[in-house]
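Okay, structure first, notes after.
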Amino acid sequence: MITRFICISAIAFMVAACQIIEKNDVKNIVQTIPVQTDFSLLNDARIAHHEVVEMAGARVVAAAPRFTGTSIFKSSDNAILDVSTPFTRLEIRNPSVKLTLTDEDGKHLIFDSIEQSVKNPLLRRPLPIPPIRRHHLSNWSLFDSTEARTWVGNITASWHNEDLEDFLTNGYWMRLDGDLAGGSVTNADIGAFVHSPELSETSELPTTGTMIYRGYASGMYTSFYGPAWESLNPLLVDGLKEAGEFTGIIALKANFAKGTIEGCLGCVENQETTGITVNPSGNRNELYTNLSLASLKLAPVPIRQGMFQGTNIAIVIGDEGLGINFETLDNQGNWGGKFSDRLVAGTVGAQWTHPDGSRSVFVGSFFATKVITQ
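Following this note's numbering, the numbering of the sequence shown begins with 4 at its first residue and continues without gaps.
What follows is the structure, encoded as C-alpha cells:
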C-alpha cells in the first residue's frame, strides 16, 4: 500500500521541515489522489534501483556540459539529441513534443508525449508564467518500458502559437538497461538538455553594464539520508532513499564589463518537488512539497564567445538551528550554457555529501529571459 509522506521537503539537496509544515494547511501541500498504475511504474524506475540511478547522476555532475549543434546538452554517456523535429503542434489546445536520442551504439530513445505521457496524480498546480513573452508553456512526464530497457523523461515546451519556429524545449531523460519489472536493471544513463533554434544564432553581447535574467529550471534528483537527519525529523530515518523531479525559478546576473555570469536556483522562491521515498523496511511513500530550505548558488564563471561553463557550485541549506551541521557538506557541480539575443539557457549538475553518509545528486536544465538592464 502506498501512503502519503507529508513531512519531507524533497529536492536533490533537500531538508525536511516538519516544523514549517505544521504551521501550514497540509491539504495545500500534499494532494491525496489515487495513484495511477503507470505513475507507480514511473516511480519504480526512479527508486527501485536507487544506487544505479544515483551513480548515473553523479557521472553527469562530473561531466562538463556539451554544446551539440543548436542544443545545449549534458549527458552521462555519448547520446546525441536529434532535434530535427523537436516540437510539433497538433492544435492550439493540444501541443505535443517528440524527441529522439541516439546513443553511441546507434540505439534510439524516442520520447513522444502522445504515446508516453504519464499524468502525475499529485500535481494539479499550473505551470509558472512562461519566461518568454507571448509564449505558452506546457510540461509532460514520460515513461515507457520493455523487458530490455526503460526510459523516463520530463520535457517542458515554451512556444508562440503563431510562429512554431519560435519555441524552446528543455528537460531531462533517464534510460535504465535491463528488465525493470524483473529487477535486473544493470545500468542507467541520464542527460539534461535545452534546445531552441535561436541558440544556433550568434549573439552580440554588450561589453559594458549588467543584465538580470529570470526563468524556469527543472530536473531530477536522488537523495539518501544518514543518521544525522532523524534528529531533525523522525521520518528521516537512517537509510531512507528518495528520488523525483523538481521545478523552480532561476535568477541569473550577467556582468558584461567583467565578462561573467552567476546566479541562483531556489533563491527567488521555494522550489517544488514530486518524488517517492523508500525506508529501510521497504515502505514506499509518494510526496509533493513546495517548502524548500535549499538553494543552488552558481558562482561567477567567464563568458566566452557567448557561452559559459564552470564548476563552482554551492548547495546552501538554511535556516540556522535545524540541528544539522551543514557547513560540513561537500559540494561538487558543473554548469554551463549559452546566450541568445533574448535569453540565456543551460544545464546544471550538482551533488553534496555529508559525513554521516547522506548524499544527493541533482541534474537539470534552465532557460531565462532578460528582466532588468543596468
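Ideal placement from N, C-alpha and C gives every residue a C-beta, glycine not left out.
Between the segment 149 to 156 and the segment 338 to 345, the count of Cβ pairs shorter than 8 Å is below three; the stretches do not touch. One Cα belongs to threonine 276, the other to glutamate 248, and the distance between them is close to 6 Å. For histidine 111, the uninterrupted beta strand (DSSP E) segment begins and ends at 111 to 115. Rounded to whole angstroms, the gap between the alpha carbons of alanine 220 and serine 120 is 20 Å. Looking from the CA of leucine 145, the closest CA among Gly212, Ile215, Leu167 and Met177 belongs to Met177. In this structure, valine 197 sits near serine 74, with a CB-CB distance shorter than 8 Å. The residue among Gly72, His357 and Thr350 with its C-alpha nearest the C-alpha of glutamate 204 is Gly72.
Only residues of its own chain outside the window of five on either side were considered, and among them Gln354 and Val364 have a CB closer than 7 Å to the CB of alanine 61, listed in chain order.
For isoleucine 253, the three-state secondary structure derived from DSSP is strand.
With respect to the C-alpha of glutamate 289, the residue from Ile279, Ser298 and Pro283 having the closest C-alpha is Ile279.
In terms of Cβ geometry, glycine 352 and phenylalanine 369 do not form a close pair [threshold 8 Å]. By the beta-carbon neighbour count (other beta carbons within 10 angstroms, threshold 16), threonine 189 is exposed.
Counting of Cβ neighbours within 10 angstroms places alanine 260 among the exposed residues, the total staying below 16. Nearest Cα to leucine 171 within the set Asp180, Leu179, Glu165 and Ala160: Ala160. Your pair leucine 299 and glycine 269 checks out as a contact, with CB atoms roughly 6 Å apart and the cut at 8 Å. Secondary structure of glutamine 354 (DSSP, three-state): strand. Going by DSSP, arginine 307 is part of the beta strand (DSSP E) stretching over 297 to 307.
Linking aspartate 115 to aspartate 333 through their CA atoms gives a straight-line distance of about 38 Å. With distances taken between CA atoms, asparagine 46 lies nearest to Val155 out of Trp232, Ala297, Val155 and Asn293.
Here isoleucine 50 has Lys244, Ala246, Ile279 and Val281 as same chain residues with Cβ atoms under 7 Å from its own Cβ, once five neighbours each way along the sequence are excluded. DSSP places valine 271 outside both helix and strand once states are collapsed to three, so it counts as coil. Taking a 10 Å sphere around the C-beta of glutamine 308, we find fewer than 16 other C-beta atoms and assign the residue as exposed. Check the Cα spacing between asparagine 173 and each of Ala195, Glu54 and Ala184: the tightest is with Ala195.
The beta-carbon distance between proline 303 and glutamate 272, rounded to whole angstroms, is 23 Å. This is too long to meet the 8 Å contact definition. Taking each of Thr314, Phe42 and Pro133 in turn and checking the Cα distance to isoleucine 252, the smallest one comes out for Pro133. Linking leucine 167 to leucine 102 through their CA atoms gives a straight-line distance of about 16 Å. In this structure, cysteine 267 and leucine 239 do not form a Cβ contact; the two beta carbons are roughly 25 Å apart against a cut-off of 8 Å. In this structure, the beta-carbon distance from isoleucine 306 to glycine 336 does not fall below 8 Å. For serine 221, the enclosing beta strand (DSSP E) stretches over residues 213 to 227. Listed as beta-bridge partners of isoleucine 318 by DSSP are Leu299.
Isoleucine 158 sits in a strand when the DSSP states are folded into three classes.
Between the beta-carbon of valine 374 and that of tyrosine 216 there is about 7 Å, and that keeps the pair under the 8 Å contact cut. The Cβ-Cβ distance between valine 100 and isoleucine 193 does not fall below 8 Å.
Counting only the Cα atoms, glycine 185 lies some 54 Å from threonine 213. Residue pairing by DSSP places arginine 287 opposite Val281 in a beta bridge.
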